[in-house]
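1247 is the number of the first residue of the sequence shown in our numbering; add one for each residue after it. Here a beta-carbon is modelled for each residue, glycine too, at the ideal position from N, C-alpha and C. See below for the structure under consideration.
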Amino acid sequence: MERVIDKVALVTGGARGIGAAVAARLHGEGARVVIGDVLDGEGEETAQRIGSGTVYVHLDVTSPQDWQHAVDAAVGTFGGLDILVNNAGIADFAPIEEYTLERWNTVIAVNLTGTFNGIKAAIPALKQSRGGSIVNISSVAGMRGYEQLPAYTASKFGVRGLTKSAALDLGPHRIRVNSVHPGVISTPMTAGIAVDMSHVALGRIGHPGEVADLVLYLASDESSFVTGAEFVIDGGDTAGTVTRPAP
Ligand code: NAD
């Protein structure tokens, strides 16, 4: 129950889905948590449900001003910042031929530039920590291409690369930076999308809590020698294709 005791975490996109599961898991292991999101009602409810030691702040990850406010909330309310989880993300499906520059810019702004903004804003506070951890939520779409997802795929490859560059720059400050690459997870983002998982080793989609368990490891001191690394959590999806015998 104490794997991140005395640590303070900031989780973006924490109102629902993977972010809410991460916030709850970190809190359950002793962290105090700031949830940032643009869904204010849902975010407040999630913070209340998780319980005392959790606060919600409005944080649009594309806004450096919002980021400053969120980091100030962590430092002002809980005395510092040790863990940043850059989880906020959006997906927008269309073939590249139909993709407009505006749609491209919107996805890149949230998924990639939002992660850059977060790292930049958190560095001064993380430097004061005894050992900071940044966990960037990429995707299996940061490991291989997906059709009809040009901006999402590019943004998630970008997050993977940004993670490694930041890990090199921040290592001397004892700040670790890693990326997490989920396969299909049951969240509002994937609700209503038909997925066939019969070719995947574990044959099912994942749950937000399973991703949260991995983030908890990377956020905690248990991963003290892990930085600049990528962690796939996809039930075996990117490992290869399972051919099941015909019934
Ligand atoms: P979700 O849509 O359920 O949650 C995403 C959250 O991000 C929402 O609360 C949303 O309001 C918030 N958000 C969106 N734009 C924002 C902004 N500009 N500023 C702050 N918050 C913003 O999605 P999810 O499935 O929980 O996804 C979480 C992360 O995991 C995303 O980065 C996503 O790309 C990644 N991911 C999800 C899956 C999946 O199958 N669900 C797979 C791989 C990666």
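**Asked** If GLY1326 and SER1375 are in contact, beta carbons under 8 Å, what's the gap, nearest whole angstrom?
**Response** 6 Å
**Prompt:** Under three-state DSSP, which class holds GLY1322?
**Reply:** It is helical.
**Item:** Test item: CB-CB of GLY1481 and LYS1410 under 8 Å
**Value:** Result no, Cβ atoms of GLY1481 and LYS1410 do not sit closer than 8 Å.
**Request:** Use the C-beta contact count for ILE1421: other C-beta atoms within 10 angstroms, 16 or more gives buried, fewer gives exposed.
**Result:** buried
**Prompt:** Alpha carbon to alpha carbon, how far is HIS1445 from VAL1488?
**Reply:** Cα-Cα distance, rounded: 5 Å.
**Asked** What is the residue span of the beta strand (DSSP E) that VAL1381 lies within?
**Response** Where VAL1381 is concerned, the enclosing beta strand (DSSP E) stretches over 1378–1383.
**Asked** What three-state label does DSSP hand GLU1248 in the structure shown?
**Response** coil
**Prompt:** Relative to the ligand NAD, is the shortest distance from any of its heavy atoms to the C-beta of ILE1431 smaller than 7 Å?
**Reply:** Checking every heavy atom of the ligand NAD against the Cβ of ILE1431, one is found closer than 7 Å.
**Request:** Indicate whether ILE1383 and ILE1264 have their beta-carbon atoms separated by less than 8 Å.
**Result:** yes
**Prompt:** Would a C-beta distance cut-off of 8 Å place THR1359 and THR1308 closer than the cut-off?
**Reply:** yes
**Prompt:** From which residue to which residue does the beta strand (DSSP E) around GLU1393 run?
**Reply:** Where GLU1393 is concerned, there is no enclosing beta strand (DSSP E), given that its DSSP letter is neither H nor E.
**Message:** What ranges does the alpha helix (DSSP H) occupy inside the stretch 1425–1475, keeping only unbroken runs of at least 4 residues that lie completely in it?
**Reply:** 1454–1465
**Request:** Please indicate yes or no: does the CB of ARG1249 lie closer than 7 Å to some heavy atom of the ligand NAD?
**Result:** no
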